[in-house]
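Chemist: Below is a structure I'd like to ask you about.
2 protein chains.
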Amino acid sequence: MKFTCQKDALQNAINIVSKAVSSKTSMPILECILVKAEDGGVKLTANDMEMAIETAKIEAEVKEEGTIALEARMFSEIIRRVNGEKVSVSTGENNSAVINCGFSEYKIMGQPGDDFPEIPSITKQEPYKIKQKDLKNLIISTIFSVASDESKPTLTGELIEISEEYVNIVAVDGYRISYKKAAAVSSPEPAKVIVPAKTLKEISRILLDGEEDVEIYITENHILFDMEGNILVSRVINGEFIKYDQAFTNEYKTRAVINRSELISALERASLVSRDARKVPVKLDIHPDNIIITSQTEMGSAYEELNTQTEGDELKIAFNPRYLIDALRAIEDEKVAVQFNSPLSPCIIKQEEGEEYKYLVLPLRM
Amino acid sequence: MKFTCQKDALQNAINIVSKAVSSKTSMPILECILVKAEDGGVKLTANDMEMAIETAKIEAEVKEEGTIALEARMFSEIIRRVNGEKVSVSTGENNSAVINCGFSEYKIMGQPGDDFPEIPSITKQEPYKIKQKDLKNLIISTIFSVASDESKPTLTGELIEISEEYVNIVAVDGYRISYKKAAAVSSPEPAKVIVPAKTLKEISRILLDGEEDVEIYITENHILFDMEGNILVSRVINGEFIKYDQAFTNEYKTRAVINRSELISALERASLVSRDARKVPVKLDIHPDNIIITSQTEMGSAYEELNTQTEGDELKIAFNPRYLIDALRAIEDEKVAVQFNSPLSPCIIKQEEGEEYKYLVLPLRM
Numbered sequence: 001m002k003f004t005c006q007k008d009a010l011q012n013a014i015n016i017v018s019k020a021v022s023s024k025t026s027m028p029i030l031e032c033i034l035v036k037a038e039d040g041g042v043k044l045t046a047n048d049m050e051m052a053i054e055t056a057k058i059e060a061e062v063k064e065e066g067t068i069a070l071e072a073r074m075f076s077e078i079i080r081r082v083n084g085e086k087v088s089v090s091t092g093e094n095n096s097a098v099i100n101c102g103f104s105e106y107k108i109m110g111q112p113g114d115d116f117p118e119i120p121s122i123t124k125q126e127p128y129k130i131k132q133k134d135l136k137n138l139i140i141s142t143i144f145s146v147a148s149d150e151s152k153p154t155l156t157g158e159l160i161e162i163s164e165e166y167v168n169i170v171a172v173d174g175y176r177i178s179y180k181k182a183a184a185v186s187s188p189e190p191a192k193v194i195v196p197a198k199t200l201k202e203i204s205r206i207l208l209d210g211e212e213d214v215e216i217y218i219t220e221n222h223i224l225f226d227m228e229g230n231i232l233v234s235r236v237i238n239g240e241f242i243k244y245d246q247a248f249t250n251e252y253k254t255r256a257v258i259n260r261s262e263l264i265s266a267l268e269r270a271s272l273v274s275r276d277a278r279k280v281p282v283k284l285d286i287h288p289d290n291i292i293i294t295s296q297t298e299m300g301s302a303y304e305e306l307n308t309q310t311e312g313d314e315l316k317i318a319f320n321p322r323y324l325i326d327a328l329r330a331i332e333d334e335k336v337a338v339q340f341n342s343p344l345s346p347c348i349i350k351q352e353e354g355e356e357y358k359y360l361v362l363p364l365r366m
Numbered sequence: 367m368k369f370t371c372q373k374d375a376l377q378n379a380i381n382i383v384s385k386a387v388s389s390k391t392s393m394p395i396l397e398c399i400l401v402k403a404e405d406g407g408v409k410l411t412a413n414d415m416e417m418a419i420e421t422a423k424i425e426a427e428v429k430e431e432g433t434i435a436l437e438a439r440m441f442s443e444i445i446r447r448v449n450g451e452k453v454s455v456s457t458g459e460n461n462s463a464v465i466n467c468g469f470s471e472y473k474i475m476g477q478p479g480d481d482f483p484e485i486p487s488i489t490k491q492e493p494y495k496i497k498q499k500d501l502k503n504l505i506i507s508t509i510f511s512v513a514s515d516e517s518k519p520t521l522t523g524e525l526i527e528i529s530e531e532y533v534n535i536v537a538v539d540g541y542r543i544s545y546k547k548a549a550a551v552s553s554p555e556p557a558k559v560i561v562p563a564k565t566l567k568e569i570s571r572i573l574l575d576g577e578e579d580v581e582i583y584i585t586e587n588h589i590l591f592d593m594e595g596n597i598l599v600s601r602v603i604n605g606e607f608i609k610y611d612q613a614f615t616n617e618y619k620t621r622a623v624i625n626r627s628e629l630i631s632a633l634e635r636a637s638l639v640s641r642d643a644r645k646v647p648v649k650l651d652i653h654p655d656n657i658i659i660t661s662q663t664e665m666g667s668a669y670e671e672l673n674t675q676t677e678g679d680e681l682k683i684a685f686n687p688r689y690l691i692d693a694l695r696a697i698e699d700e701k702v703a704v705q706f707n708s709p710l711s712p713c714i715i716k717q718e719e720g721e722e723y724k725y726l727v728l729p730l731r732m
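Structure, rendered in structure tokens:
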């Protein structure tokens, strides 16, 4: 194998596949990136056996076709730090690779490309399409409420539901439900699939913020995302996802419209009177024109007053402030609506108008 | 105690004293900041028993004089996060303090101010003076070569030598010596003192980059730095510092003048062919017009070529690249001179011209 390409293009491709490189594994080849030079270009692949990423072809002058698997960290650091516009990579004896760039020459020991695990093959039907920025947003706005506990495997992923017009994503961890929807660009038929949280986290880092589409192919055991030729294939989680839709009732006894960033700041401050800020419950005292937020520990107490527009009954209710802050950060609008029924029933957080984002959280007993 | 002051001024003062708050201690009061309101202002103090910091007086409207010790982390986080221009602090029953700012009210439990350890009293004679930015620079350029091993206590600090015209600082760790000097603004008489590295690290974070002076007072057991009224008092290390001056010989058999940042990059890259970049020796092959830098491990090999102007003999010599990089980062000029005598004698790194900065490092046996 022997090729020359732009250093920046190679570095960018390494950054993309790095997300599927195993960091802890008993199979050293999974810590490698597969480099494959073929007619007209070079492709990189990484595979941690849960998900695999293969880049689009990088333009390269290929003098000799071939493959080699190179330890990802070292390969990536060398390419990142060498100084020059173009870089050449060629294979030598004993599965070594020589990297040349400017006045630098690096030789690194690799493994035969043939030993690298194949990525699952997916028969491509007509794809689902959604804007890359929309899918990114769906993931970022909900992923924090995926269950970390492995006892209910389906809850360690997010449910993606595709209808004719919409793509919904849902994450549930036993204390709360995050839901967000966006328009589908193209949907051949309705579909439901549970995708592991790790896959979604990594894909959200590859997705662009622009108007480009991502194409999605779903099979019984796999899901494939195609982002301008960069391909990510992941296993899916089999099983029934929890029925979440009835939980989002539209009835409420109290509804408060609040400035989102003021509420975040007040909750963060009220969490401070403790050695472990994640363990202080905060109490909300909802009045017609304001909310009083208080918390109390053996170390001190906090009192915060926020203006609101409230309809309905006055109410006292307590929460883990972290669970409120997560949802408030996921909303883009500056005003949020918070709906309550009683001190012990779930509270629902939404945008002031619209149903794109919905979040349900259980209160704490006071 | 009861006062009102600008939030920003109080936050700034907290940032300064925080550097002397103990993080691990069996005496909880050392995790506190002492707040003292007196005629016309407020002072904060922290003391970890190795060093103490007392701020200049913050302008405040003091309604009632008094003191209280408040847990540093919580006090600091609350002041940082409350929203408002002015903040009021007052003491209540059972050593509590109430903090008011905007629509927020925080009550935190404290300890009696009288329990807080006194800072050592220093009889002030005529001070030594040096520009704050110069002292900062002296510390940053040398502190990395202080010994971490406690077996030679004097080497866990830096030697500060003040003559009529200069202030020198020296750090020695058994493999290398860092030396830097700057002009003294005022020096009543020659002095030598060994200051613990931790003190110097913290003081370098308080010192400003401007032309202001720092005043220094030295007694048998303590050193006091006065930066515009913010005072840091530290113990000094008693004992004889190593005789370092003869080590810096001006004789050499080989002298190479090299571009500093190119050399840093080449050394960093050459360290990459290993799982632990700090453990790869690099070999320097010094020719009349260039230096070849190589390294080799079971994982691969590196080859780098750098242009130089060399006088004297050709030479092969090996180093821990980390030790070269530390010194190269400490030099501000773009060209550096590296002087060698033999593959087993120390190498000296300097600016191309001038003697303000000198660094000596032992080679590795090849």
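In order, the protein sequences belong to chains R and D.
For the first sequence, this note's numbering begins at 1 and goes up steadily by one.
For the second sequence, this note's numbering begins at 367 and goes up steadily by one.
Just so you know, even glycine gets a beta-carbon here, dropped at the ideal spot from N, CA and C.
Would you give the residue range spanned by the alpha helix (DSSP H) that residue 541/D belongs to?
Modeler: One-based indexing of the second sequence puts residue 541/D at position 175. Where residue 541/D is concerned, there is no enclosing alpha helix (DSSP H), given that its DSSP letter is neither H nor E.
Chemist: Check residue 461/D in the structure and name its three-state DSSP category.
Modeler: Against the second sequence, residue 461/D aligns to sequence position 95. If DSSP states are grouped into helix, strand and coil, residue 461/D belongs with the helices.
Chemist: Between 588/D, 490/D and 694/D, which has its C-alpha nearest residue 418/D's C-alpha?
Modeler: Taking the second sequence and counting its residues from 1, one reaches residue 418/D at position 52. It is 588/D.
Chemist: I need the DSSP call for residue 689/D, collapsed to helix, strand or coil.
Modeler: Position 323 of the second sequence holds residue 689/D. Looking at residue 689/D - three-state DSSP - the assignment turns out to be helix.
Chemist: Can the beta-carbon of residue 380/D be found closer than 8 Å to that of residue 442/D?
Modeler: Position 14 of the second sequence, counted from the first residue, corresponds to residue 380/D. Position 76 of the second sequence, counted from the first residue, corresponds to residue 442/D. Yes, Cβ-Cβ distance for residue 380/D and residue 442/D is below 8 Å.
Chemist: Given a cut-off of 8 Å, decide if residue 638/D and residue 74/R are closer than it, judged by their beta-carbon atoms.
Modeler: What you label residue 74/R is simply residue 74 of the first sequence in a count that begins at 1. What you label residue 638/D is simply residue 272 of the second sequence in a count that begins at 1. Yes, these two residues count as a Cβ contact at 8 Å.
Chemist: Identify each residue in the region 440-470 of chain D for which the Cβ-Cβ distance to at least one residue of chain R is less than 8 Å, and report them in chain order.
Modeler: The residues in question are 440, 443, 444, 447, 448, 449, 462, 469 and 470.
Chemist: Using only alpha-carbon positions, find the residue among 434/D, 612/D and 498/D that is nearest to residue 483/D.
Modeler: The count along the second sequence starts at 1 and reaches residue 483/D at position 117. Checking every option, the nearest Cα to that of residue 483/D belongs to 434/D.
Chemist: Would residue 487/D be called buried (16 or more neighbouring beta carbons within 10 Å of its own) or exposed?
Modeler: In the second sequence, residue 487/D corresponds to position 121, counting from 1. Label assigned to residue 487/D: exposed.
Chemist: Excluding the five sequence neighbours on either side, which residues of its own chain have a C-beta within less than 6 Å of the C-beta of residue 596/D, listed in chain order?
Modeler: Counting from 1 along the second sequence, the entry for residue 596/D is found at position 230. Cβ neighbours of residue 596/D beyond the five flanking positions: 382, 421 and 422.
Chemist: Our contact map puts residue 670/D next to residue 632/D with C-beta atoms below 8 Å; I'd like the distance itself, whole angstroms only.
Modeler: For the purposes of this step, residue 670/D is taken as the residue at position 304 of the second sequence. For the purposes of this step, residue 632/D is taken as the residue at position 266 of the second sequence. About 4 Å; that satisfies the 8 Å criterion.
Chemist: Determine whether the beta carbon atoms of residue 635/D and residue 18/R lie at a separation below 8 Å.
Modeler: Counting from 1 along the second sequence, the entry for residue 635/D is found at position 269. Counting from 1 along the first sequence, the entry for residue 18/R is found at position 18. For residue 635/D and residue 18/R, no; Cβs fall outside 8 Å.
Chemist: Helix, strand or coil for residue 679/D per DSSP?
Modeler: Sequence index remark: in the second sequence, residue 679/D carries index 313 (1-based). Correct three-state label for residue 679/D: coil.
Chemist: Can you tell which of 182/R, 34/R, 194/R and 331/R has its C-alpha closest to the C-alpha of residue 213/R?
Modeler: Counting from one through the first sequence, the residue named residue 213/R turns up at place 213. Residue 182/R is the option with its Cα nearest to residue 213/R.
Chemist: Give me, in chain order, the residues of the same chain whose beta-carbon lies closer than 8 Å to that of residue 571/D; leave out the 5 immediate sequence neighbours on both sides.
Modeler: Locating residue 571/D in the second sequence gives position 205, counting from the first residue. 385, listed in sequence order.
Chemist: Taking CB distances under 8 Å as the criterion, tell me whether residue 584/D reaches chain R.
Modeler: Within the second sequence, the letter at position 218 stands for residue 584/D. Chain R, which has no Cβ nearer than 8 Å to the Cβ of residue 584/D, makes this no.
Chemist: Thinking just about the alpha-carbon of each residue, which of 326/R, 98/R and 65/R is nearest to the one in residue 78/R?
Modeler: Numbered from its first residue, the first sequence carries residue 78/R at position 78. Selected option, being the one with the closest Cα: 98/R.
Chemist: From which residue to which residue does the alpha helix (DSSP H) around residue 612/D run?
Modeler: The residue you call residue 612/D lines up with position 246 of the second sequence. It is not in any alpha helix (DSSP H) - residue 612/D carries neither H nor E in the DSSP assignment.
Chemist: Which residues of the region 303-321 of chain R have a Cβ closer than 8 Å to any Cβ of chain D? Give them in chain order.
Modeler: Listed by position along the chain: 303, 304, 305 and 306.
Chemist: On the DSSP bridge assignment, give the partners of residue 410/D in chain order.
Modeler: By one-based count along the second sequence, residue 410/D stands at place 44. DSSP output for residue 410/D lists 401/D as bridge partner(s).
Chemist: Here's the rule: buried if 16 or more other CB atoms are within 10 angstroms of the residue's CB, otherwise exposed. What is residue 274/R?
Modeler: Here the question's residue 274/R lines up with position 274 in the first sequence. Result: buried.
Chemist: Taking only the alpha-carbon atoms, compute the straight-line gap between residue 648/D and residue 658/D and give it to the nearest angstrom.
Modeler: Position 282 of the second sequence, counting from 1, holds the residue named residue 648/D. Position 292 of the second sequence, counting from 1, holds the residue named residue 658/D. The straight-line gap from Cα to Cα measures roughly 10 Å.
Chemist: Return the bridge partner residues of residue 601/D from the DSSP annotation.
Modeler: Your numbering for residue 601/D matches position 235 in the second sequence. In DSSP, residue 601/D forms a bridge with 588/D.
Chemist: Whose C-alpha, out of 244/R, 93/R and 228/R, is nearest the C-alpha of residue 129/R?
Modeler: Taking the first residue of the first sequence as 1, we reach residue 129/R at position 129. Nearest C-alpha to residue 129/R: 228/R.
Chemist: Between residue 451/D and residue 178/R, what straight-line distance do the alpha-carbon atoms span, to the nearest angstrom?
Modeler: Along the second sequence, one-based indexing puts residue 451/D at 85. Along the first sequence, one-based indexing puts residue 178/R at 178. Looking at the two C-alpha atoms, the distance is approximately 37 Å.
Chemist: In whole angstroms, what separates the C-alpha of residue 560/D from that of residue 590/D?
Modeler: Position 194 of the second sequence, counting from 1, holds the residue named residue 560/D. Position 224 of the second sequence, counting from 1, holds the residue named residue 590/D. So the two alpha carbons sit approximately 13 Å from each other.
Chemist: Would you say the beta carbon of residue 71/R is closer than 7 Å to some non-hydrogen atom of the ligand SAH?
Modeler: This structure simply doesn't include the ligand SAH, nor any ligand for that matter.
Chemist: Please report the straight-line C-alpha distance between residue 478/D and residue 398/D, rounded to a whole angstrom.
Modeler: Reading the second sequence from its first residue, position 112 is the one you call residue 478/D. Reading the second sequence from its first residue, position 32 is the one you call residue 398/D. Their Cα atoms are separated by approximately 11 Å.
Chemist: Report the residues of the region 253-279 of chain R with a CB closer than 7 Å to any CB of chain D, ordered along the chain.
Modeler: Hits within the stretch, in order: 265, 268, 269, 272 and 273.
Chemist: Which two residues bound the contiguous alpha helix (DSSP H) that contains residue 663/D?
Modeler: Numbered from 1 along the second sequence, position 297 holds the residue referred to as residue 663/D. It is not in any alpha helix (DSSP H) - residue 663/D instead sits in the beta strand (DSSP E) that spans 656-663.
Chemist: So, is the C-beta of residue 514/D closer than 8 Å to a C-beta in chain R?
Modeler: Here residue 514/D refers to the residue found at position 148 when the second sequence is read from its first residue. Cβ-Cβ to chain R under 8 Å: no for residue 514/D.
Chemist: From 388/D, 390/D, 680/D and 427/D, pick the residue whose C-alpha is nearest to that of residue 376/D; which is it?
Modeler: Here residue 376/D corresponds to residue number 10 of the second sequence, with the count starting at 1. The candidate whose alpha carbon is nearest that of residue 376/D is 427/D.
Chemist: Got a sec, what are the start and stop residues for the beta strand (DSSP E) residue 125/R sits in?
Modeler: Here residue 125/R is taken as the residue at index 125 of the first sequence, counted from 1. Segment: none, residue 125/R is in no beta strand (DSSP E) and carries neither H nor E.
Chemist: With a threshold of 16 other CB atoms inside 10 Å of the CB of residue 71/R, please say whether the residue is buried or exposed.
Modeler: Along the first sequence, one-based indexing puts residue 71/R at 71. Its Cβ being crowded by 16 or more others within 10 Å, residue 71/R is buried.
Chemist: Among 619/D, 534/D and 530/D, whose alpha-carbon lies nearest the alpha-carbon of residue 555/D?
Modeler: By 1-based counting over the second sequence, the position of residue 555/D is 189. Among 619/D, 534/D and 530/D, the Cα nearest to that of residue 555/D is on 530/D.
Chemist: Candidates 585/D, 642/D, 621/D and 715/D: which alpha carbon is nearest residue 489/D's?
Modeler: Translated into positions along the second sequence, residue 489/D becomes position 123. The residue with the shortest Cα to Cα distance from residue 489/D is 585/D.
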